[in-house]
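**Q** Residues 2 to 72 (my numbering) are what the sequence shown spells out, left to right. All C-beta atoms, glycine included, are put in the ideal place defined by N, C-alpha and C. Once you've had a glance at the structure underneath, I'll fire off some questions.
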Amino acid sequence: MFITPESIHDKIEFFQEADFNALESAIQQKIDANSTLMLEVHHVSYETVQLQDRRPYVTAMVHFKQKKRKT
């Protein structure tokens, strides 16, 4: 089985970083990479928690969907 860009309709990716700026940078890199696969961001969900040693911990889930073709 071969995977072609046309066969990818949905893709969900998870991210984790120590701060929000690093998380935003990692997500932006994936947005740029996924745009070549004709995927765009459909939904982003993120959460920030404080660890026991008071350090922040940021996670995100990004749902990519295939770009709709204009007809």
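Tell me which residues share the same chain as Ile32 and place their Cβ nearer than 7 Å to its Cβ, disregarding the 5 neighbours each side in the sequence.
**A** Once the five neighbours on either side are set aside, the close Cβ partners of Ile32 are Val42.
**Q** Among the candidates Leu24, Lys69 and Ala61, whose CA atom is the shortest distance from the CA of Ile13?
**A** Nearest C-alpha to Ile13: Ala61.
**Q** Using only CA atoms, which one of His64, Thr49 and Lys66 lies nearest to Leu24?
**A** The candidate whose alpha carbon is nearest that of Leu24 is Thr49.
**Q** What are the boundary residues of the alpha helix (DSSP H) that Ser36 is part of?
**A** Counting along the chain, the alpha helix (DSSP H) containing Ser36 begins and ends at Phe21 to Ser36.
**Q** Hey, could you find the ends of the beta strand (DSSP E) Gln67 is sitting in?
**A** Looking at the DSSP string, the run of the beta strand (DSSP E) that includes Gln67 is Pro57 to Gln67.
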